[in-house]
């Protein structure tokens, strides 16, 4: 094909038909430019198609992560409510006859905690690969970034409460047996002495702190749960618009 056009061009030059040759040359250049533009357009189309497919897969993966995160958050809320109820039971016991065995069980249960887990596999992969811009909807992109910032904040608050208030304070208090709970030979628990006012006050403070810690973590998780459901809904709508 190249030789064919070259032959036509050479014949025109030999026949001294310069004007026709000039028109031919211009036409040839235009055809080359058109060919390049078509190739670029096809390349852009392929890139856009690949980007859209990547975006769809990313949104589906994000939604899967968020569905799991929703379950994790709900479990955390349920557990914190459980701890609050146990703390209230102990506080009520201070105003009546203390059941030593039940008190010991409640205190032991309250000395444990549930570590909050942030499920960020897809979002982290987007960040390390420089693919956060794959989300073409600017508002959705902003909502996703802000959600994971709040997720990090919630994880930090809940796990700080766990480490500082539960482990360091309440857990240490129970471990050191400040109430003087003892075990008889027959396996029953008893208080060595009646609780003194200062012991009751210390127990009251510890239980109040444990209850506050659980309530604070629960409240943060409830806000996060709302935002999780909202973001799932936004992603669903975005996926529907692409089908």
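Numbering (this note's numbering), first residue to last: -13 to 229. The beta-carbon is built from N, C-alpha and C at its ideal position, and this holds for glycine as well.
Taking the alpha helix (DSSP H) that residue i belongs to, which residues open and close that run?
| i | result |
| --- | --- |
| residue 190 | 183 to 228 |
| residue 152 | Neither: residue 152 is in no alpha helix (DSSP H) and is coded neither H nor E. |
Report the rounded CA-to-CA distance for residue i versus residue j, giving the unit in angstroms.
| i | j | result |
| --- | --- | --- |
| residue 205 | residue 73 | 17 Å |
| residue 149 | residue 184 | 26 Å |
| residue 129 | residue 156 | 38 Å |
| residue 162 | residue 48 | 45 Å |
| residue 187 | residue 195 | 12 Å |
| residue 126 | residue 52 | 15 Å |
| residue 131 | residue 112 | 11 Å |
Compute the beta-carbon to beta-carbon distance between residue i and residue j, rounded to the nearest angstrom, for a pair I have assumed lies under 8 Å.
| i | j | result |
| --- | --- | --- |
| residue 45 | residue 218 | Contact flag wrong, Cβ pair sits at about 11 Å. |
| residue 93 | residue 79 | Not really, about 10 Å apart at Cβ, beyond 8 Å. |
| residue 199 | residue 152 | 6 Å |
| residue 109 | residue 210 | Their Cβ separation, rounded to whole angstroms, is 14 Å, which puts residue 109 and residue 210 out of contact at 8 Å. |
| residue 55 | residue 207 | That pair is no contact at about 11 Å. |
| residue 59 | residue 158 | That pair is no contact at about 28 Å. |
Under three-state DSSP, which class holds residue i?
| i | result |
| --- | --- |
| residue 102 | coil |
| residue 84 | coil |
| residue 37 | helix |
| residue 22 | helix |
| residue 130 | helix |
| residue -13 | With a pLDDT of 49 at residue -13, under the threshold of 50, the predicted position of this residue should be treated as unreliable, though the coordinate-derived value follows. Reduced to three states, the DSSP call for residue -13 is coil. |
| residue 78 | helix |
| residue 58 | helix |
| residue 162 | coil |
| residue 121 | coil |
| residue 97 | coil |
So is residue i buried or exposed if we call it buried at 16+ other beta carbons inside 10 Å?
| i | result |
| --- | --- |
| residue -13 | Bear in mind that the predicted position of residue -13 carries a pLDDT of just 49, short of 50, making it unreliable; the figure below should be weighed with that in mind. With fewer than 16 Cβ atoms within 10 Å of its Cβ, residue -13 is classed as exposed. |
| residue 203 | buried |
| residue 27 | exposed |
| residue 190 | exposed |
| residue 147 | buried |
Would you say residue i reaches chain B, if we count a Cβ-Cβ gap shorter than 8 Å as a contact?
| i | result |
| --- | --- |
| residue 198 | Included in the structure is just one protein chain, with no chain B present. |
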